[in-house]
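Residue numbers (full-length UniProt numbering): 1 to 525.
These notes concern the structure reproduced below.
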Amino acid sequence: MSLETGADIQCMTADGWTPLLLAAENGHGSVVELLLAKDNLDADSNGRLYNRHTPLSRAATNGHEGIVKLLLAREDVNPDSMDNFRRTPLFHAARKGHSTVAELILATGRVGVGSLDEFGQAPLSIASENGHEAVVRLLLATNVINPDSQSSYGRTPLWWAARNGNDAVVAVLLATTGVAPDSKDKYGQTPLSIAAENGHRKVVKLLLAEDAVDPNSRDKYGWTPLSRAVANRKKVVMRLLPERGAIDPDFKDSYGSIWLDAAVMRRRERVCSSSFFRAVLPPIRTAKNNTFSGAQASVDKLPKRILLKSIPKGVKDARFRSSDHDWDGKYEQVIGTSTRNIVFGSRFVLTDDHIEDILALGSPICKKIVHFIFIYEDVSYDARNNAQSLTNEAVVRLGKSCPNLKKVQLQATSHVTDDGLLGLFQNCPNLTSVELTGTSRGRGDNLSGRALDELREHPEWVPKLKKLILGEGEHNKLFMKVMRALTKERPGLTVTLLQRYEVKKWGDWELEEIKIEYKKGRVAR
(Lines of atoms letter the chains of each structure in order from A and count residues from 1; the text may use other names and numbers.)
(Lines give C-alpha, C1' and ligand atoms only; values in the text may rest on other atoms or scores of the structure.)
Protein backbone atom coordinates (compact mmCIF):
# COMPACT_ATOMS: atom_id res chain seq x y z
CA MET A 1 0.00 0.00 0.00
CA SER A 2 1.38 3.45 -0.88
CA LEU A 3 0.06 6.37 1.19
CA GLU A 4 1.78 8.83 -1.13
CA THR A 5 -0.28 7.73 -4.13
CA GLY A 6 -3.57 8.24 -2.33
CA ALA A 7 -4.35 4.65 -1.32
CA ASP A 8 -7.58 4.16 0.63
CA ILE A 9 -6.53 3.93 4.29
CA GLN A 10 -10.04 2.86 5.28
CA CYS A 11 -10.14 -0.14 2.92
CA MET A 12 -11.11 -3.47 4.45
CA THR A 13 -10.43 -7.15 4.04
CA ALA A 14 -13.29 -9.56 3.42
CA ASP A 15 -13.47 -10.10 7.19
CA GLY A 16 -13.73 -6.37 7.95
CA TRP A 17 -10.13 -5.60 8.98
CA THR A 18 -8.81 -2.11 8.20
CA PRO A 19 -5.07 -1.36 7.82
CA LEU A 20 -5.05 0.30 11.25
CA LEU A 21 -6.74 -2.69 12.88
CA LEU A 22 -4.22 -5.09 11.33
CA ALA A 23 -1.26 -2.93 12.35
CA ALA A 24 -2.56 -2.60 15.93
CA GLU A 25 -3.25 -6.34 16.09
CA ASN A 26 0.24 -7.31 15.03
CA GLY A 27 2.20 -4.66 16.93
CA HIS A 28 3.49 -2.66 13.95
CA GLY A 29 3.99 0.64 15.75
CA SER A 30 5.67 2.48 12.87
CA VAL A 31 2.78 1.62 10.54
CA VAL A 32 0.27 2.78 13.15
CA GLU A 33 2.17 6.07 13.44
CA LEU A 34 2.06 6.61 9.67
CA LEU A 35 -1.66 5.89 9.50
CA LEU A 36 -2.50 8.14 12.44
CA ALA A 37 -0.76 11.03 10.68
CA LYS A 38 -3.43 11.02 7.97
CA ASP A 39 -6.25 13.55 8.39
CA ASN A 40 -9.04 11.36 7.05
CA LEU A 41 -8.39 8.36 9.30
CA ASP A 42 -11.01 7.10 11.74
CA ALA A 43 -8.72 5.93 14.56
CA ASP A 44 -11.59 4.41 16.52
CA SER A 45 -13.22 2.43 13.72
CA ASN A 46 -13.96 -1.25 14.24
CA GLY A 47 -14.14 -1.75 10.48
CA ARG A 48 -16.73 -4.42 9.97
CA LEU A 49 -15.36 -6.88 12.50
CA TYR A 50 -18.10 -9.14 13.87
CA ASN A 51 -16.80 -8.56 17.42
CA ARG A 52 -16.65 -4.74 17.04
CA HIS A 53 -13.08 -4.55 18.32
CA THR A 54 -11.39 -1.18 17.84
CA PRO A 55 -7.65 -0.73 17.18
CA LEU A 56 -7.24 0.09 20.89
CA SER A 57 -9.01 -3.14 21.88
CA ARG A 58 -6.70 -5.22 19.69
CA ALA A 59 -3.56 -3.46 20.91
CA ALA A 60 -4.66 -3.82 24.55
CA THR A 61 -5.47 -7.51 24.07
CA ASN A 62 -2.01 -8.24 22.71
CA GLY A 63 -0.11 -6.00 25.12
CA HIS A 64 1.32 -3.58 22.56
CA GLU A 65 2.14 -0.74 24.96
CA GLY A 66 3.60 1.67 22.42
CA ILE A 67 0.56 1.44 20.16
CA VAL A 68 -1.78 1.86 23.13
CA LYS A 69 0.05 5.12 24.01
CA LEU A 70 -0.27 6.38 20.43
CA LEU A 71 -3.99 5.68 20.32
CA LEU A 72 -4.77 7.07 23.77
CA ALA A 73 -3.03 10.33 22.84
CA ARG A 74 -5.82 11.04 20.34
CA GLU A 75 -9.04 12.72 21.41
CA ASP A 76 -11.09 10.79 18.86
CA VAL A 77 -10.21 7.43 20.46
CA ASN A 78 -12.63 6.26 23.15
CA PRO A 79 -10.64 4.41 25.85
CA ASP A 80 -13.87 2.86 27.15
CA SER A 81 -15.37 1.59 23.88
CA MET A 82 -17.34 -1.65 24.17
CA ASP A 83 -17.19 -4.59 21.79
CA ASN A 84 -19.93 -7.04 20.89
CA PHE A 85 -19.87 -8.52 24.42
CA ARG A 86 -19.66 -5.16 26.21
CA ARG A 87 -15.95 -5.68 26.90
CA THR A 88 -13.71 -2.65 27.08
CA PRO A 89 -9.99 -2.31 26.26
CA LEU A 90 -9.37 -2.39 30.03
CA PHE A 91 -11.23 -5.71 30.28
CA HIS A 92 -9.10 -7.22 27.50
CA ALA A 93 -5.88 -6.01 29.12
CA ALA A 94 -6.99 -7.39 32.49
CA ARG A 95 -7.89 -10.74 30.97
CA LYS A 96 -4.45 -11.16 29.45
CA GLY A 97 -2.56 -9.75 32.43
CA HIS A 98 -1.07 -6.71 30.67
CA SER A 99 -0.66 -4.53 33.76
CA THR A 100 1.22 -1.69 32.05
CA VAL A 101 -1.47 -1.41 29.37
CA ALA A 102 -4.16 -1.44 32.07
CA GLU A 103 -2.30 1.34 33.90
CA LEU A 104 -2.14 3.46 30.74
CA ILE A 105 -5.88 3.08 30.16
CA LEU A 106 -6.73 3.87 33.80
CA ALA A 107 -4.56 6.99 33.64
CA THR A 108 -6.94 8.56 31.12
CA GLY A 109 -9.59 8.86 33.82
CA ARG A 110 -12.22 8.17 31.18
CA VAL A 111 -13.05 4.52 31.82
CA GLY A 112 -15.62 2.62 33.85
CA VAL A 113 -13.32 0.53 36.02
CA GLY A 114 -16.13 -1.69 37.25
CA SER A 115 -18.14 -2.03 34.03
CA LEU A 116 -19.60 -5.49 33.46
CA ASP A 117 -19.57 -7.53 30.29
CA GLU A 118 -22.61 -9.48 29.13
CA PHE A 119 -21.75 -12.36 31.48
CA GLY A 120 -21.62 -10.00 34.44
CA GLN A 121 -17.84 -10.07 34.79
CA ALA A 122 -15.82 -6.96 35.60
CA PRO A 123 -12.11 -6.43 34.79
CA LEU A 124 -11.30 -7.35 38.42
CA SER A 125 -13.20 -10.61 38.11
CA ILE A 126 -11.51 -11.69 34.88
CA ALA A 127 -8.06 -10.73 36.20
CA SER A 128 -8.71 -12.76 39.38
CA GLU A 129 -9.91 -15.75 37.38
CA ASN A 130 -6.72 -15.78 35.35
CA GLY A 131 -4.38 -15.16 38.28
CA HIS A 132 -3.01 -11.76 37.27
CA GLU A 133 -1.99 -10.40 40.68
CA ALA A 134 -0.44 -7.16 39.38
CA VAL A 135 -3.63 -6.22 37.53
CA VAL A 136 -5.76 -7.12 40.55
CA ARG A 137 -3.70 -4.84 42.79
CA LEU A 138 -3.85 -2.06 40.21
CA LEU A 139 -7.65 -2.24 39.94
CA LEU A 140 -8.18 -2.43 43.70
CA ALA A 141 -5.95 0.64 44.16
CA THR A 142 -8.45 2.77 42.23
CA ASN A 143 -10.86 2.50 45.21
CA VAL A 144 -13.82 2.99 42.86
CA ILE A 145 -14.79 -0.62 42.23
CA ASN A 146 -16.78 -3.22 44.09
CA PRO A 147 -14.25 -5.90 45.07
CA ASP A 148 -17.10 -8.34 45.65
CA SER A 149 -19.06 -7.84 42.41
CA GLN A 150 -20.99 -10.88 41.20
CA SER A 151 -21.19 -12.36 37.72
CA SER A 152 -24.39 -13.72 36.18
CA TYR A 153 -23.87 -16.95 38.17
CA GLY A 154 -23.33 -15.05 41.42
CA ARG A 155 -19.57 -15.62 41.39
CA THR A 156 -17.23 -13.05 42.92
CA PRO A 157 -13.59 -12.30 42.01
CA LEU A 158 -12.59 -14.35 45.08
CA TRP A 159 -14.68 -17.31 43.88
CA TRP A 160 -13.00 -17.27 40.46
CA ALA A 161 -9.51 -17.00 41.97
CA ALA A 162 -10.26 -19.87 44.37
CA ARG A 163 -11.59 -22.09 41.59
CA ASN A 164 -8.41 -21.77 39.56
CA GLY A 165 -6.03 -22.05 42.51
CA ASN A 166 -4.66 -18.52 42.23
CA ASP A 167 -3.48 -18.33 45.83
CA ALA A 168 -1.61 -15.00 45.48
CA VAL A 169 -4.77 -13.31 44.20
CA VAL A 170 -6.86 -15.00 46.90
CA ALA A 171 -4.54 -13.57 49.56
CA VAL A 172 -4.85 -10.06 48.10
CA LEU A 173 -8.64 -10.24 47.94
CA LEU A 174 -9.00 -11.63 51.47
CA ALA A 175 -7.03 -8.62 52.73
CA THR A 176 -9.38 -6.23 50.93
CA THR A 177 -12.22 -4.52 52.77
CA GLY A 178 -15.61 -5.44 51.36
CA VAL A 179 -14.78 -8.97 50.24
CA ALA A 180 -17.07 -11.66 51.68
CA PRO A 181 -14.89 -14.78 52.04
CA ASP A 182 -17.84 -17.19 52.29
CA SER A 183 -20.21 -15.87 49.62
CA LYS A 184 -22.17 -18.44 47.60
CA ASP A 185 -22.75 -18.63 43.88
CA LYS A 186 -25.99 -19.58 42.14
CA TYR A 187 -25.43 -23.24 43.07
CA GLY A 188 -24.55 -22.51 46.68
CA GLN A 189 -20.82 -23.15 46.30
CA THR A 190 -18.46 -21.01 48.35
CA PRO A 191 -14.84 -20.20 47.44
CA LEU A 192 -13.77 -22.90 49.93
CA SER A 193 -16.06 -25.46 48.33
CA ILE A 194 -14.81 -24.87 44.79
CA ALA A 195 -11.17 -24.78 45.95
CA ALA A 196 -11.61 -28.08 47.82
CA GLU A 197 -13.30 -29.67 44.81
CA ASN A 198 -10.31 -28.81 42.64
CA GLY A 199 -7.68 -29.73 45.22
CA HIS A 200 -6.10 -26.30 45.64
CA ARG A 201 -4.32 -26.81 48.97
CA LYS A 202 -2.84 -23.31 49.39
CA VAL A 203 -6.17 -21.64 48.68
CA VAL A 204 -7.97 -23.94 51.11
CA LYS A 205 -5.45 -23.06 53.84
CA LEU A 206 -5.92 -19.33 53.24
CA LEU A 207 -9.71 -19.61 53.38
CA LEU A 208 -9.74 -21.83 56.48
CA ALA A 209 -7.73 -19.15 58.28
CA GLU A 210 -10.70 -16.79 57.91
CA ASP A 211 -13.11 -16.83 60.86
CA ALA A 212 -16.02 -15.94 58.58
CA VAL A 213 -15.58 -19.10 56.51
CA ASP A 214 -17.85 -22.02 57.43
CA PRO A 215 -15.95 -25.27 56.68
CA ASN A 216 -19.22 -27.21 56.74
CA SER A 217 -21.28 -24.96 54.46
CA ARG A 218 -23.59 -26.83 52.11
CA ASP A 219 -24.40 -26.03 48.50
CA LYS A 220 -27.81 -26.45 46.89
CA TYR A 221 -27.14 -30.18 46.44
CA GLY A 222 -26.26 -30.61 50.11
CA TRP A 223 -22.52 -31.09 49.53
CA THR A 224 -19.87 -29.70 51.89
CA PRO A 225 -16.28 -28.76 50.96
CA LEU A 226 -15.04 -32.04 52.47
CA SER A 227 -17.57 -34.19 50.62
CA ARG A 228 -16.56 -32.53 47.35
CA ALA A 229 -12.90 -33.18 48.08
CA VAL A 230 -13.68 -36.85 48.78
CA ALA A 231 -15.78 -37.21 45.63
CA ASN A 232 -12.91 -35.79 43.56
CA ARG A 233 -10.14 -37.73 45.36
CA LYS A 234 -8.32 -34.60 46.53
CA LYS A 235 -6.28 -36.16 49.34
CA VAL A 236 -4.14 -33.11 50.12
CA VAL A 237 -7.28 -31.11 50.82
CA MET A 238 -9.10 -33.88 52.68
CA ARG A 239 -6.46 -33.85 55.40
CA LEU A 240 -6.65 -30.08 55.85
CA LEU A 241 -10.39 -29.66 56.33
CA PRO A 242 -10.80 -31.69 59.56
CA GLU A 243 -8.39 -29.29 61.29
CA ARG A 244 -11.18 -26.71 61.25
CA GLY A 245 -13.85 -29.18 62.29
CA ALA A 246 -14.98 -29.82 58.73
CA ILE A 247 -15.96 -33.42 59.35
CA ASP A 248 -19.41 -34.90 59.63
CA PRO A 249 -19.33 -38.68 59.09
CA ASP A 250 -23.12 -38.74 59.01
CA PHE A 251 -23.27 -36.08 56.30
CA LYS A 252 -26.03 -36.66 53.77
CA ASP A 253 -26.44 -34.84 50.48
CA SER A 254 -29.83 -33.78 49.11
CA TYR A 255 -30.31 -37.28 47.71
CA GLY A 256 -29.80 -38.92 51.11
CA SER A 257 -26.36 -40.40 50.41
CA ILE A 258 -23.83 -40.61 53.25
CA TRP A 259 -20.41 -39.65 51.93
CA LEU A 260 -18.37 -42.14 53.98
CA ASP A 261 -20.62 -45.03 53.01
CA ALA A 262 -20.56 -43.90 49.39
CA ALA A 263 -16.78 -43.66 49.37
CA VAL A 264 -16.39 -47.22 50.68
CA MET A 265 -19.05 -48.68 48.42
CA ARG A 266 -17.44 -47.11 45.37
CA ARG A 267 -14.10 -48.68 46.25
CA ARG A 268 -12.14 -45.47 46.69
CA GLU A 269 -9.18 -47.43 48.06
CA ARG A 270 -6.87 -44.51 48.77
CA VAL A 271 -9.63 -42.24 50.01
CA CYS A 272 -10.98 -44.90 52.34
CA SER A 273 -7.68 -46.20 53.67
CA SER A 274 -7.35 -46.79 57.39
CA SER A 275 -4.79 -43.97 57.60
CA PHE A 276 -7.32 -41.54 56.18
CA PHE A 277 -9.99 -42.63 58.63
CA ARG A 278 -7.54 -42.28 61.52
CA ALA A 279 -6.63 -38.81 60.26
CA VAL A 280 -10.15 -37.45 60.03
CA LEU A 281 -12.34 -39.44 62.39
CA PRO A 282 -10.81 -39.74 65.87
CA PRO A 283 -11.62 -38.47 68.37
CA ILE A 284 -15.01 -37.97 66.76
CA ARG A 285 -15.49 -41.72 66.26
CA THR A 286 -14.30 -44.56 68.46
CA ALA A 287 -15.38 -48.15 68.95
CA LYS A 288 -17.65 -47.00 71.80
CA ASN A 289 -18.88 -43.85 70.12
CA ASN A 290 -20.33 -44.77 66.78
CA THR A 291 -23.72 -44.02 65.34
CA PHE A 292 -23.36 -44.32 61.62
CA SER A 293 -24.22 -47.52 59.82
CA GLY A 294 -21.43 -50.09 59.67
CA ALA A 295 -19.04 -48.11 61.88
CA GLN A 296 -18.53 -50.95 64.41
CA ALA A 297 -16.20 -52.76 62.04
CA SER A 298 -12.84 -51.01 61.66
CA VAL A 299 -11.61 -50.26 58.19
CA ASP A 300 -8.58 -52.48 58.79
CA LYS A 301 -10.99 -55.43 59.06
CA LEU A 302 -13.00 -54.68 55.91
CA PRO A 303 -12.94 -57.64 53.51
CA LYS A 304 -9.95 -57.03 51.25
CA ARG A 305 -11.76 -58.55 48.31
CA ILE A 306 -14.04 -55.49 48.37
CA LEU A 307 -11.18 -53.01 48.16
CA LEU A 308 -8.70 -54.98 46.06
CA LYS A 309 -10.96 -56.43 43.43
CA SER A 310 -9.19 -57.42 40.21
CA ILE A 311 -9.68 -55.23 37.16
CA PRO A 312 -12.23 -56.79 34.78
CA LYS A 313 -11.68 -57.04 31.05
CA GLY A 314 -15.29 -56.28 30.09
CA VAL A 315 -16.51 -55.82 26.52
CA LYS A 316 -15.67 -53.24 23.86
CA ASP A 317 -19.24 -51.94 23.51
CA ALA A 318 -20.92 -51.75 26.92
CA ARG A 319 -24.65 -51.28 26.36
CA PHE A 320 -27.26 -50.84 29.07
CA ARG A 321 -30.89 -50.69 28.02
CA SER A 322 -32.51 -50.51 31.46
CA SER A 323 -31.28 -48.86 34.66
CA ASP A 324 -33.56 -51.17 36.67
CA HIS A 325 -32.39 -54.48 35.21
CA ASP A 326 -29.02 -54.00 33.51
CA TRP A 327 -26.94 -52.02 36.02
CA ASP A 328 -26.67 -53.10 39.66
CA GLY A 329 -24.48 -56.15 40.02
CA LYS A 330 -23.82 -56.30 36.27
CA TYR A 331 -21.94 -53.21 35.12
CA GLU A 332 -18.68 -54.36 36.79
CA GLN A 333 -18.58 -57.40 34.50
CA VAL A 334 -19.45 -55.44 31.35
CA ILE A 335 -17.23 -52.36 31.74
CA GLY A 336 -13.51 -53.15 31.84
CA THR A 337 -10.13 -52.54 30.24
CA SER A 338 -11.48 -53.57 26.83
CA THR A 339 -14.36 -51.09 26.97
CA ARG A 340 -14.24 -48.20 24.52
CA ASN A 341 -17.90 -47.29 24.20
CA ILE A 342 -20.61 -46.94 26.85
CA VAL A 343 -24.18 -46.56 25.60
CA PHE A 344 -27.34 -46.13 27.69
CA GLY A 345 -30.60 -47.06 26.00
CA SER A 346 -34.32 -46.44 25.95
CA ARG A 347 -35.20 -47.64 29.47
CA PHE A 348 -32.36 -45.98 31.33
CA VAL A 349 -32.55 -43.13 33.85
CA LEU A 350 -29.01 -41.74 34.05
CA THR A 351 -27.91 -40.15 37.35
CA ASP A 352 -24.69 -38.93 38.99
CA ASP A 353 -24.44 -42.28 40.76
CA HIS A 354 -24.03 -44.17 37.48
CA ILE A 355 -21.15 -41.93 36.47
CA GLU A 356 -19.59 -42.33 39.92
CA ASP A 357 -19.90 -46.13 39.60
CA ILE A 358 -17.94 -46.00 36.34
CA LEU A 359 -15.25 -43.65 37.63
CA ALA A 360 -14.76 -45.81 40.73
CA LEU A 361 -13.58 -48.63 38.47
CA GLY A 362 -10.32 -46.71 38.19
CA SER A 363 -8.14 -44.92 35.65
CA PRO A 364 -6.96 -48.09 33.79
CA ILE A 365 -10.57 -48.44 32.64
CA CYS A 366 -11.69 -44.80 32.44
CA LYS A 367 -8.76 -43.63 30.35
CA LYS A 368 -9.69 -46.07 27.58
CA ILE A 369 -13.29 -44.92 27.19
CA VAL A 370 -13.78 -42.88 24.00
CA HIS A 371 -17.58 -42.75 23.59
CA PHE A 372 -20.09 -41.92 26.33
CA ILE A 373 -23.62 -41.88 24.94
CA PHE A 374 -27.00 -41.44 26.61
CA ILE A 375 -29.97 -41.69 24.25
CA TYR A 376 -33.40 -40.22 24.89
CA GLU A 377 -36.00 -41.92 22.72
CA ASP A 378 -38.85 -43.28 24.83
CA VAL A 379 -41.69 -40.89 25.74
CA SER A 380 -44.43 -43.49 25.87
CA TYR A 381 -46.92 -43.56 28.75
CA ASP A 382 -44.75 -45.93 30.83
CA ALA A 383 -41.42 -44.36 29.83
CA ARG A 384 -38.43 -44.36 32.18
CA ASN A 385 -35.78 -42.65 30.08
CA ASN A 386 -34.08 -39.37 31.01
CA ALA A 387 -31.00 -37.74 32.53
CA GLN A 388 -32.80 -34.90 34.25
CA SER A 389 -31.06 -35.28 37.62
CA LEU A 390 -27.56 -35.31 36.11
CA THR A 391 -25.45 -32.41 37.45
CA ASN A 392 -22.55 -30.29 36.23
CA GLU A 393 -20.32 -31.81 38.89
CA ALA A 394 -20.76 -35.34 37.56
CA VAL A 395 -20.07 -34.26 33.98
CA VAL A 396 -16.92 -32.38 35.05
CA ARG A 397 -15.68 -35.47 36.91
CA LEU A 398 -16.44 -37.57 33.84
CA GLY A 399 -14.26 -35.28 31.74
CA LYS A 400 -11.40 -35.29 34.24
CA SER A 401 -11.42 -39.07 34.71
CA CYS A 402 -11.97 -39.96 31.04
CA PRO A 403 -9.59 -37.56 29.23
CA ASN A 404 -9.59 -39.57 25.99
CA LEU A 405 -13.28 -39.13 25.25
CA LYS A 406 -14.00 -38.37 21.60
CA LYS A 407 -17.78 -38.34 21.61
CA VAL A 408 -20.11 -37.35 24.44
CA GLN A 409 -23.86 -37.47 23.89
CA LEU A 410 -26.06 -36.36 26.78
CA GLN A 411 -29.71 -36.10 25.86
CA ALA A 412 -32.67 -35.32 28.14
CA THR A 413 -30.67 -33.28 30.67
CA SER A 414 -32.08 -30.41 32.73
CA HIS A 415 -29.30 -29.16 34.99
CA VAL A 416 -26.07 -29.54 33.00
CA THR A 417 -25.06 -26.05 31.88
CA ASP A 418 -21.96 -24.07 30.91
CA ASP A 419 -19.92 -25.51 33.78
CA GLY A 420 -20.49 -29.05 32.54
CA LEU A 421 -19.58 -28.13 28.98
CA LEU A 422 -16.42 -26.38 30.18
CA GLY A 423 -15.44 -29.49 32.11
CA LEU A 424 -15.48 -31.45 28.86
CA PHE A 425 -13.75 -28.78 26.76
CA GLN A 426 -10.95 -28.30 29.30
CA ASN A 427 -10.24 -31.95 30.08
CA CYS A 428 -10.94 -33.93 26.89
CA PRO A 429 -8.66 -32.62 24.10
CA ASN A 430 -9.67 -35.34 21.61
CA LEU A 431 -13.37 -34.48 21.49
CA THR A 432 -14.89 -34.43 18.01
CA SER A 433 -18.59 -34.40 18.91
CA VAL A 434 -20.55 -33.17 21.94
CA GLU A 435 -24.31 -33.14 22.46
CA LEU A 436 -26.06 -31.52 25.41
CA THR A 437 -29.80 -31.38 24.86
CA GLY A 438 -32.98 -31.47 26.90
CA THR A 439 -36.28 -33.28 26.98
CA SER A 440 -39.42 -32.29 25.12
CA ARG A 441 -40.21 -30.02 28.08
CA GLY A 442 -37.07 -27.99 27.59
CA ARG A 443 -34.05 -27.51 29.84
CA GLY A 444 -34.28 -26.28 33.41
CA ASP A 445 -31.28 -23.95 33.02
CA ASN A 446 -30.42 -22.21 29.77
CA LEU A 447 -26.86 -22.03 28.53
CA SER A 448 -25.58 -18.49 28.97
CA GLY A 449 -22.95 -18.92 26.27
CA ARG A 450 -20.05 -18.61 28.71
CA ALA A 451 -18.66 -22.06 27.83
CA LEU A 452 -18.69 -21.19 24.14
CA ASP A 453 -17.04 -17.86 24.88
CA GLU A 454 -14.26 -19.59 26.82
CA LEU A 455 -13.85 -22.04 23.95
CA ARG A 456 -13.57 -19.10 21.56
CA GLU A 457 -10.85 -17.54 23.75
CA HIS A 458 -8.92 -20.84 23.86
CA PRO A 459 -8.40 -22.11 20.30
CA GLU A 460 -6.05 -24.75 21.71
CA TRP A 461 -8.96 -26.51 23.41
CA VAL A 462 -10.58 -29.46 21.58
CA PRO A 463 -8.97 -28.60 18.21
CA LYS A 464 -10.70 -31.57 16.52
CA LEU A 465 -14.23 -30.59 17.59
CA LYS A 466 -16.50 -30.80 14.53
CA LYS A 467 -20.02 -31.17 15.94
CA LEU A 468 -21.68 -29.38 18.83
CA ILE A 469 -25.37 -30.13 19.37
CA LEU A 470 -27.11 -27.99 21.98
CA GLY A 471 -30.68 -27.80 23.25
CA GLU A 472 -30.84 -24.04 23.04
CA GLY A 473 -33.18 -21.80 21.09
CA GLU A 474 -32.66 -18.71 18.97
CA HIS A 475 -34.55 -16.65 21.56
CA ASN A 476 -31.42 -16.66 23.77
CA LYS A 477 -29.77 -13.58 22.27
CA LEU A 478 -26.52 -13.64 24.22
CA PHE A 479 -26.00 -17.34 23.53
CA MET A 480 -26.68 -16.79 19.83
CA LYS A 481 -24.18 -13.94 19.68
CA VAL A 482 -21.43 -16.06 21.23
CA MET A 483 -22.32 -19.12 19.15
CA ARG A 484 -22.13 -17.18 15.89
CA ALA A 485 -18.76 -15.71 16.91
CA LEU A 486 -17.43 -19.17 17.78
CA THR A 487 -18.42 -20.71 14.45
CA LYS A 488 -16.79 -17.80 12.62
CA GLU A 489 -13.51 -18.41 14.41
CA ARG A 490 -13.76 -22.20 14.04
CA PRO A 491 -14.78 -22.71 10.41
CA GLY A 492 -14.64 -26.49 10.78
CA LEU A 493 -17.24 -26.52 13.57
CA THR A 494 -20.96 -27.03 13.01
CA VAL A 495 -23.29 -26.06 15.86
CA THR A 496 -26.76 -27.60 15.79
CA LEU A 497 -29.60 -26.12 17.82
CA LEU A 498 -32.01 -28.95 18.57
CA GLN A 499 -35.51 -28.76 20.02
CA ARG A 500 -37.60 -31.83 20.84
CA TYR A 501 -41.38 -32.07 20.96
CA GLU A 502 -43.80 -34.78 22.04
CA VAL A 503 -46.39 -35.64 19.42
CA LYS A 504 -49.30 -38.00 20.00
CA LYS A 505 -49.54 -40.65 17.31
CA TRP A 506 -51.57 -43.85 17.18
CA GLY A 507 -52.63 -43.55 20.80
CA ASP A 508 -49.15 -42.98 22.24
CA TRP A 509 -46.45 -40.31 22.32
CA GLU A 510 -43.49 -39.99 19.98
CA LEU A 511 -40.61 -37.54 19.68
CA GLU A 512 -40.14 -35.08 16.87
CA GLU A 513 -37.07 -32.90 16.44
CA ILE A 514 -36.41 -29.51 14.88
CA LYS A 515 -32.79 -28.78 14.00
CA ILE A 516 -31.05 -25.61 12.84
CA GLU A 517 -27.39 -25.90 11.85
CA TYR A 518 -24.93 -23.02 12.02
CA LYS A 519 -21.58 -22.87 10.29
CA LYS A 520 -19.24 -19.90 9.88
CA GLY A 521 -21.68 -17.65 11.73
CA ARG A 522 -24.65 -18.41 9.51
CA VAL A 523 -27.44 -20.92 9.08
CA ALA A 524 -26.05 -23.79 7.03
CA ARG A 525 -27.96 -24.36 3.82
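All residues carry an ideal CB built from backbone N, CA and C; glycine is no exception.
Since the structure is predicted, the reported quantities are computational estimates derived from the model, not experimental observations.
I want to check one thing, is the minimum distance from the CB of residue i to the heavy atoms of the ligand GDP below 7 Å?
i: Ile365; result: The ligand content of the structure shown is nil, which means the ligand GDP is not present either.
By Cβ distance, which residues of its chain are closer than 7 Å to residue i, with the 5 residues on each side in sequence left out?
i: Tyr376; result: Asn385, Asn386, Gln411, Ala412 and Thr439
i: Gly55; result: Correcting the residue type first, residue 55 is Pro in the shown sequence and not Gly. Here the set comprises Leu20, Leu21, Ala24, Ala43 and Leu71.
i: Leu35; result: Ile9, Pro19, Leu20, Ala23 and Leu41
i: Val237; result: Ala196, Gly199, Arg201, Val204 and Ala229
i: Asn78; result: Asp44
i: Ser151; result: Phe119, Gly120, Gln121 and Ser125
i: His53; result: Asn46 and Asp83
i: Arg525; result: none
i: His63; result: Going by the sequence as given, residue 63 is Gly instead of His. Excluding sequence neighbours, Gly63 sits near Lys96, His98 and Val101.
Under 6 Å Cβ to Cβ from residue i, same chain only, skipping five residues before and after it: list those, please.
i: Gly420; result: Asn392 and Val395
i: Asn341; result: Asp317 and His371
i: Ile373; result: Val343 and Gln409
i: Lys313; result: Gly336, Thr337 and Ser338
i: Asp352; result: Thr391 and Ala394
i: residue 539; result: Within the shown structure, residues of the chain are numbered from 1 to 525, placing residue 539 beyond reach of any answer.
i: Leu302; result: With a pLDDT of 41 at Leu302, under the threshold of 50, the modelled position of this residue cannot be trusted; read the value that follows with caution. Contacts found: none.
i: Ser149; result: Ala122
i: Ser389; result: Thr351
Contact check, residue i vs residue j under 8 Å by CB: the rounded distance?
i: Leu72; j: Ala43; result: That belief does not hold up - the Cβ atoms of Leu72 and Ala43 are roughly 10 Å apart, past 8 Å.
i: Ala60; j: Val101; result: 5 Å
i: Ala168; j: Ala196; result: With 8 Å as the limit, Ala168 and Ala196 do not qualify as a contact, their Cβ atoms being about 19 Å apart.
i: Val136; j: Pro181; result: About 16 Å separates the two Cβ atoms, so there is no contact after all.
i: Lys186; j: Gly222; result: About 16 Å separates the two Cβ atoms, so there is no contact after all.
i: Leu208; j: Leu240; result: 7 Å
i: Lys467; j: Thr432; result: 7 Å
i: Leu49; j: Gly27; result: Not really, about 18 Å apart at Cβ, beyond 8 Å.
i: Glu103; j: Leu138; result: 6 Å
Express the C-alpha separation of residue j and residue i in angstroms, rounding to a whole number.
i: Val172; j: Pro225; result: 22 Å
i: Ile126; j: Val31; result: 31 Å
i: Gly336; j: Gln409; result: 20 Å
i: Ala485; j: Ala93; result: 20 Å
i: Gly444; j: Leu350; result: Here the model assigns Gly444 a pLDDT of 46, short of 50, so the residue's position is not dependable, and the following value carries that caveat. Gly444 and Leu350: Cα-Cα distance of roughly 16 Å.
i: Ala162; j: Gly362; result: 28 Å
i: Arg86; j: Glu118; result: 6 Å
i: Ser57; j: Thr437; result: 35 Å
i: Ile311; j: Asp326; result: 20 Å
i: Gly47; j: Leu465; result: 30 Å
i: Ser298; j: Leu116; result: Here the model assigns Ser298 a pLDDT of 44, short of 50, so the residue's position is not dependable, and the following value carries that caveat. Rounded to the nearest angstrom, the two C-alpha atoms are 54 Å apart.
i: Leu398; j: Ile355; result: 7 Å
i: Gly66; j: Ile105; result: 12 Å
i: Gly329; j: Asp357; result: 11 Å
i: Lys96; j: Arg456; result: 14 Å
i: Glu33; j: Asn51; result: 24 Å
i: Ile145; j: Asn430; result: 41 Å
i: Pro147; j: Thr156; result: 8 Å
i: Gly449; j: Tyr518; result: 15 Å
i: Asn164; j: Pro215; result: 19 Å
Any Cβ of chain B within less than 8 Å of the Cβ of residue i?
i: Tyr50; result: Here chain B cannot be found, since the structure has a single protein chain.
So is residue i buried or exposed if we call it buried at 16+ other beta carbons inside 10 Å?
i: Thr487; result: buried
i: Pro89; result: buried
i: Pro191; result: buried
i: Val523; result: exposed
i: Arg74; result: exposed
i: Lys184; result: buried
i: Thr417; result: buried
i: Lys234; result: buried
i: Gly492; result: exposed
i: Cys428; result: buried
i: Thr142; result: exposed
i: Ala451; result: buried
i: Ala37; result: exposed
i: His458; result: exposed
i: Gly423; result: buried
i: Glu460; result: exposed
i: Pro463; result: exposed
i: Ala14; result: exposed
i: Arg490; result: buried
i: Glu243; result: exposed
i: Asp453; result: buried
i: Cys11; result: exposed
Sorted by chain position, which residues of the same chain lie with C-beta nearer than 8 Å to residue i's C-beta, five sequence neighbours on each side aside?
i: Glu474; result: Met480, Leu497 and Ile516
i: Glu513; result: Leu498, Gln499, Arg500 and Tyr501
i: Asp324; result: Arg347 and Arg384
i: Thr108; result: Leu72 and Pro79
i: Ser193; result: Ser217, Asp219, Trp223, Thr224, Pro225 and Arg228
i: Glu210; result: Leu174, Pro181 and Asp182
Quiz item: Okay, do the segment 396-405 and the segment 357-373 touch, 3+ Cβ pairs below 8 Å being the bar?
Solution: yes
Quiz item: On the three-pair Cβ rule with 8 Å, is the segment 458-473 touching the segment 174-184?
Solution: no
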